[in-house]
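Note that the sequence shown covers residues 5 to 231 in our numbering. Note that CB positions come from ideal geometry on N, CA and C, so glycine has one too. What follows is a single structure, written as structure tokens, with notes after it.
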Amino acid sequence: MATSTLEISHVTKRYGSGATEVVAVKDVSLSVAPGEIVLIMGPSGSGKTTLLSMLGALLKPTEGDIHLNGYVISALKEDRLPEIRLRQFGFIFQDFNLLSALTALENVALVAELAGVKSSVAQKKASLLLTDLGLGERLDFLPEKLSGGEKQRVAIARALVNSPTLVLADEPTANLDSKIGHEIMHLLRAIAKEQGRSVVIVSHDQRIKDIADRVLWLEDGQFKDID
Numbered sequence: 005m006a007t008s009t010l011e012i013s014h015v016t017k018r019y020g021s022g023a024t025e026v027v028a029v030k031d032v033s034l035s036v037a038p039g040e041i042v043l044i045m046g047p048s049g050s051g052k053t054t055l056l057s058m059l060g061a062l063l064k065p066t067e068g069d070i071h072l073n074g075y076v077i078s079a080l081k082e083d084r085l086p087e088i089r090l091r092q093f094g095f096i097f098q099d100f101n102l103l104s105a106l107t108a109l110e111n112v113a114l115v116a117e118l119a120g121v122k123s124s125v126a127q128k129k130a131s132l133l134l135t136d137l138g139l140g141e142r143l144d145f146l147p148e149k150l151s152g153g154e155k156q157r158v159a160i161a162r163a164l165v166n167s168p169t170l171v172l173a174d175e176p177t178a179n180l181d182s183k184i185g186h187e188i189m190h191l192l193r194a195i196a197k198e199q200g201r202s203v204v205i206v207s208h209d210q211r212i213k214d215i216a217d218r219v220l221w222l223e224d225g226q227f228k229d230i231d
């Protein structure tokens with residue numbers, strides 16, 4: 005366990021029961037090392053989103069254990085989970101999920117403030133991260149004034165601002181063109197490696213395979229050989 009940021013052991017997720025039972029994820033095990041970037045690919049309906057939701061403590065497994073940075077997150081009570089999500093995880097979504105009334109800087113700083121960081125410190129952290137991501141001239145722009153690539157960079161900064169143990173990205177290039185998507189994933193890789201953050205990405209995008217340390221194929225709720 006000491007050599008892994010994330011350890012999932014024999015995780016299964018079932019919906020329904022009896023004749024209507026659906027097994028979305030079946031007996032999956034996975035270890036992710038500190039600073040490792042893992043890309044999970046697979047066809048639609050293969051269980052990728054369900055698995056990512058369990059890794060992010062958004063969904064409890066029916067069976068199996070999920071360990072993250074010393075926490076058995078699959079066994080935690082519901083009232084413990086919001087703080088764990090805020091401090092241990094960074095989330096990146098395909099549709100960015102930025103607050104439209106807040107500037108780029110405010111979108112990022114807010115997440116740090118929710119974790120108890122003083123507003124002035126949160127704004128400084130947000131500014132440094134956004135500048136590292138090439139948005140130093142866009143700090144005061146509302147999301148509607150940003151391109152898709154710029155919005156995703158704001159989302160990456162937001163995911164990293166609380167120094168999470170694990171970053172989870174759900175189809176992060178889905179709303180970006182090929183060139184921009186590839187550039188942004190390389191930016192995410194560079195910053196994650198520099199900070200020692202583990203990253204799990206779920207994607208259909210074959211063009212970002214080169215940013216991953218490991219590529220896994222999920223089909224019918226199970227990891228399968230891709231060779």
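Under 8 Å, with one C-beta from each stretch per pair, do the segment 131-143 and the segment 177-186 reach the 3-pair mark? no
How many whole angstroms separate the CB atoms of S167 and T9, which I take to be in contact at a CB cut-off of 8 Å? Working through the sequence shown from its first residue, we reach residue 167 at position 163. Working through the sequence shown from its first residue, we reach residue 9 at position 5. With a Cβ gap of about 13 Å, S167 and T9 do not count as contacting.
Kindly indicate which residue of S33, S35, K17 has the alpha-carbon position closest to the one of V27. Against the sequence shown, residue 27 aligns to sequence position 23. Taking only the C-alpha atoms, the option nearest V27 is K17.
Helix, strand or coil: which one does DSSP assign to R211? Translated into the one-based positions of the sequence shown, residue 211 becomes position 207. Here R211 sits in helix by DSSP.
On a CA-only basis, which of S33, F93, G46 is nearest A61? Give me that one, please. Residue 61 sits at position 57 when you count from the first residue of the sequence shown. Cα-wise, what sits closest to A61 is F93.
What beta strand (DSSP E) runs, 3 residues minimum, are completely inside the segment 139-206? 170-174, 202-206
According to DSSP, is W221 helix, strand or coil? Taking the first residue of the sequence shown as 1, we reach residue 221 at position 217. In this structure, W221 counts as strand in the three-state DSSP scheme.
Tell me whether A113 is buried or exposed, calling it buried when 16 or more other Cβ atoms sit within 10 Å of its Cβ. Residue 113 sits at position 109 when you count from the first residue of the sequence shown. Answer is buried; the Cβ neighbour count reaches 16.
Leaving out five residues before and five after V206 in sequence, what residues of the same chain have Cβ atoms less than 6 Å from its Cβ? By 1-based counting over the sequence shown, the position of residue 206 is 202. I44, K52, L56, D174, listed in sequence order.
Closer than 6 Å: is that where the CB of A216 sits relative to any heavy atom of the ligand FAD? Ligands displayed in this structure: none; no statement on the ligand FAD is therefore possible.
What's the call for N111, buried or exposed, on a 16-neighbour Cβ count within 10 Å? Here the question's residue 111 lines up with position 107 in the sequence shown. Its Cβ being crowded by 16 or more others within 10 Å, N111 is buried.
So what's D31 in DSSP terms, helix, strand or just coil? As a first step, residue 31 must be located in the sequence shown, where it is residue number 27. Looking at D31 - three-state DSSP - the assignment turns out to be strand.
Buried versus exposed, by CB contacts within 10 Å (16 or more), R84: On the sequence shown, position 80 is the one that residue 84 refers to. It is exposed - the Cβ of R84 has fewer than 16 other Cβ atoms within 10 Å.
Would you report the Cα separation of L109 and Q127, rounded to the nearest angstrom? Residue 109 sits at position 105 when you count from the first residue of the sequence shown. Residue 127 sits at position 123 when you count from the first residue of the sequence shown. Near 7 Å, if we compare the C-alpha coordinates of Q127 and L109.
Measuring CB to CB, does V29 end up less than 7 Å from V36? Residue 29 sits at position 25 when you count from the first residue of the sequence shown. Residue 36 sits at position 32 when you count from the first residue of the sequence shown. No, these two residues do not count as a Cβ contact at 7 Å.
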